[in-house]
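Quick notes on the structure that follows.
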DNA sequence: TTGAAAGCGCTAACAC
DNA sequence: GTGTTAGCGCTTTCAA
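Protein chains in written order, with full-length UniProt numbering: chain A, 1 to 355; chain B, 1 to 355.
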């Protein structure tokens, strides 16, 4: 089919293009004109060209969510939450995956070209270059994740320090005394803050020995490899704190491959509380960082900024909540539960404990 | 930051906007002009407005991937494959999630408005309404999935009949004699063709008794619920064929909750061969429908059609491959393997057998 | 090599 | 209530 323009509609209806436009957009027009124009549009199969309309109006009604790794379910969860808010306000959400193609700097520049009215960014690394690009872009931005103090941007962040404290306190309470932290790449934003959070959390337990290692990625495969390095050593920890659920799952697989039982021989915990935690056995204890809530708030902040561009920058921190499942129970408690009864028929989760 | 236009760049550089445009786009221009304009653009922080450029050029350099349920990892896999091809050709890929917001008809209409140069569609249901919308849209389309015969559109499809035959033959070979098919919603395209495939496949085994049930969704939760209905009955099957991996995982959980052991008491298989199959224990036997390949081919077909709009419609069918893991082995074979040695350190998969 | 000007398709003054 | 016209920001003839 060939594209039909408003000029052809106007011609067909025998009115001016202005009248056609008005009739189509619900502006003031006579009933007769509206009828003629709508009939013409329907017969011709007219759909207004979004590009021309955007150019004229200066708004695209498109918002972008830019994320490095859409393969991680936690970002899908965020996107779903964002989509819900955004589409309710008449915007379309487009996803820009920064992972496979260009760096997030390019993405910011690209989105600054004007095909979106605003963007939500989940950067894995916050470089000076990125901050410069963000400062320069004319497009409203909300950043999901930590930014340097003093940066004047709308931000939504998780509370890594509390998250790690919840996990560490829980493991110590369950009797663990030698905890290994398997982080993602240490130069990423989540990597940095989760490491700092872990280090802070363990100072409260001076008798517990600890160590840290970086996985090459926040993925199952990288978590597996890193956990193998930890577990192959001669001093085997009795608990692994993973920087996210994917790494945690990799760690569980690594432990099993070495003939270890989780949680009897070693406890494992994750972060993000993705759906995966309930898919594996034992269920993976995790900290819910409020992905859904963070996505929702980010979308609301963005809409608010678009409505009022000069408003002050807001920073919202979402509180984490520990969700205990089988992977971190003490030996005694674990034996009190039959593994195959862990599944709850509705949630597929074992239990939830607010943090 | 306020948006800067090419007019301001031209003014700053002391040249006409035509020269500015030429200098910026690598057209013919004197070295001096280029230098002045580039300097001006850099100082002013100019980025060309994509909307205006698109209106002028008639192309957006954007492609869309429209999918109902991005929560299903198989679609993420497809998207990744598409993104790879598309970005190599200088296009941006935007994701339109049709699930949460509007129907796919609305999405097609919306994308027909012109902010994308083409779209790849994974419709869950192919209605007459959708076909009409597809026939009318001026935007090139490639459909992932089955279309009615005679529809003249580029299409990439999986081979459900072969896929189901691979699974059923395998289960029968492993000694299963009472197979329950847990489908997704029967009115969806995958639901229809997987059901038909199953029915065809079992005719080759007249001694095997079978039955079918629809889950409400292609999700873990829906699979769990449907499997419970199957397993709670008095005649318990010795194998469950799930219409996708998520349903299969739900079925494994359901079996475990009833105290059944997989695969000893009951075998379970999935479809799609997503990463999840290697995450759970036992590993889920699944049929790889070639999501990566289908995504790649779809992207190539779309690019080809954009380059040559009048070319004949192509239909490409991608061959499936059975991947056997622990969930479907016969009792004897399963006992030959220690469950915690299933994991391969690189692939996290147990074994792969081409179909 | 450069500048003036047209025009992509649309909406919104503005005058009638 | 309707038509004429300007113009969103850009690229590209067309003359010079």
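For glycine and all other residues, C-beta sits at the position ideal for the given N, C-alpha and C.
Review point. Using the beta-carbon of each residue, which ones in chain A are nearer than 7 Å to residue 95/B?
Key: 94, 95
**Study point:** Contact set for residue 319/B: own chain, Cβ-Cβ below 8 Å, skip 5 residues either direction
**Key:** 159, 162, 290, 355
**Study point:** When 302/A, 268/A, 124/A, 316/A are compared against residue 189/A, the one with the closest alpha-carbon
**Key:** 124/A
**Study point:** Beta-carbon proximity of residue 287/A to residue 166/A, cut-off 8 Å
**Key:** yes
**Study point:** Own chain, CB closer than 6 Å to residue 40/B, minus 5 neighbours either side, in chain order
**Key:** 9, 12, 13
Exercise for review: Please classify residue 181/B: does DSSP put it in a helix, a strand, or coil?
Suggested key: strand
Practice item. Can you have a look at residue 16/A and say buried or exposed, based on whether 16 or more other CB atoms are within 10 angstroms of its CB? Key: exposed
Review point. What's the C-alpha gap between residue 304/B and residue 312/B?
Key: 11 Å
**Study point:** DSSP-derived helix/strand/coil call for residue 128/B
**Key:** helix
**Study point:** Where residue 147/B falls: helix, strand or coil (DSSP)
**Key:** coil
Check your understanding: How would you call residue 136/A, buried or exposed, if buried means at least 16 neighbouring beta carbons within 10 angstroms?
Key -> exposed
Exercise for review: Please report how far the alpha carbon of residue 191/B lies from the alpha carbon of residue 220/B, in whole angstroms.
Suggested key: 16 Å
**Study point:** C-alpha gap between residue 322/B and residue 270/B, whole angstroms
**Key:** 10 Å
Check your understanding: Any C-beta of chain B sitting closer than 8 Å to the C-beta of residue 50/A?
Key -> yes
Check your understanding: Can residue 38/B and residue 23/B be called in contact, C-beta distance under 8 Å?
Key -> yes
**Study point:** Closest residue to residue 357/A among 182/A, 194/A, 97/A, 198/A (Cα-Cα distance)
**Key:** Outside the displayed span of chain A (1 to 355) sits residue 357/A, for which this structure offers no information.
Exercise for review: Check residue 1/A in the structure and name its three-state DSSP category.
Suggested key: coil
Check your understanding: Can you list, in chain order, the residues of its chain whose CB lies under 6 Å from that of residue 293/B, leaving out five sequence neighbours each side?
Key -> 318
Check your understanding: Taking the alpha carbon of residue 325/A as the point to measure from, which residue in 279/A, 299/A, 302/A, 301/A has its own alpha carbon closest?
Key -> 279/A
Practice item. Can you grab the Cα-Cα spacing for the pair residue 138/A / residue 282/A, in whole Å? Key: 48 Å
Exercise for review: Excluding the 5 residues preceding and the 5 following residue 101/A in the sequence, name in chain order all residues of the same chain whose CB lies nearer than 7 Å to its CB.
Suggested key: Confidence is the limiting factor: at residue 101/A the pLDDT is only 45, short of 50, which leaves the residue's position unreliable and the question unanswerable from this model.
Exercise for review: Can you give me the Cβ contacts of residue 59/B inside the same chain, cut-off strictly under 6 Å, excluding the 5 residues immediately before and after it?
Suggested key: 117
Check your understanding: Are the C-beta atoms of residue 55/B and some chain A residue less than 8 Å apart?
Key -> yes
Practice item. Note down, in chain order, every chain A residue with its Cβ under 7 Å from the Cβ of residue 157/B. Key: Residues of chain A passing the Cβ test: none, with the nearest at roughly 24 Å.
Review point. Quick one, are the C-beta atoms of residue 55/B and residue 121/A less than 8 Å apart?
Key: no
Exercise for review: Check whether the Cβ atoms of residue 156/B and residue 130/B sit closer than 8 Å, and answer yes or no.
Suggested key: no
Check your understanding: Under a three-way DSSP split, which group does residue 30/B fall into?
Key -> coil
Review point. Does residue 268/A come within less than 8 Å of chain B when only Cβ atoms are used?
Key: no
Practice item. Could you say which of 247/A, 246/A, 258/A, 242/A lies nearest to residue 233/A if we only look at CA atoms? Key: 258/A
Check your understanding: Among 142/B, 69/B, 273/B, 144/B, which has the Cα closest to the Cα of residue 217/B?
Key -> 69/B
Practice item. State the Cα-Cα distance for the pair residue 34/B and residue 133/B, rounded to the nearest angstrom. Key: 46 Å
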